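*Asks:* Numbering (the numbering used here), first residue to last: 2 to 101. Here a beta-carbon is modelled for each residue, glycine too, at the ideal position from N, C-alpha and C. Only a predicted model underlies this, so the values are computations on that prediction, with no experimental measurement involved.
1. Rounded to whole angstroms, how far is the Cβ of residue 79 from the Cβ of residue 99, which I believe are closer than 8 Å?
2. With a CB to CB cut of under 6 Å and the five nearest residues on each side skipped, what residues in its chain are close to residue 43?
3. Would DSSP call residue 25 helix, strand or coil?
4. Could you please give me the residues that DSSP links to residue 44 through a beta bridge?
5. Measure the alpha-carbon distance for residue 89 versus residue 83 and round it to whole angstroms.
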């Protein structure tokens, strides 16, 4: 049995640390890209503008990074859902389906 009470990789990660210095507003792809650390491993994420709109009620214009910062806790939780679904992708895209 594992010392921390977790058995292998069967337990989903419960926390993501977002590196705010990596935030990039990719308006061409309609997403905000960032690096997140989960269980000591770094992953590249992108949250779609549609997610920001669903959270805020407004479509991002020139304020996608501000919106991201306002909802970063919710985005981190959705990122864990997306990671569990697509951990082998180079860029893990967070969509509206990942919101709880």
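*Replies:* According to the structure shown:
1. 4 Å
2. 36
3. strand
4. 37
5. 11 Å
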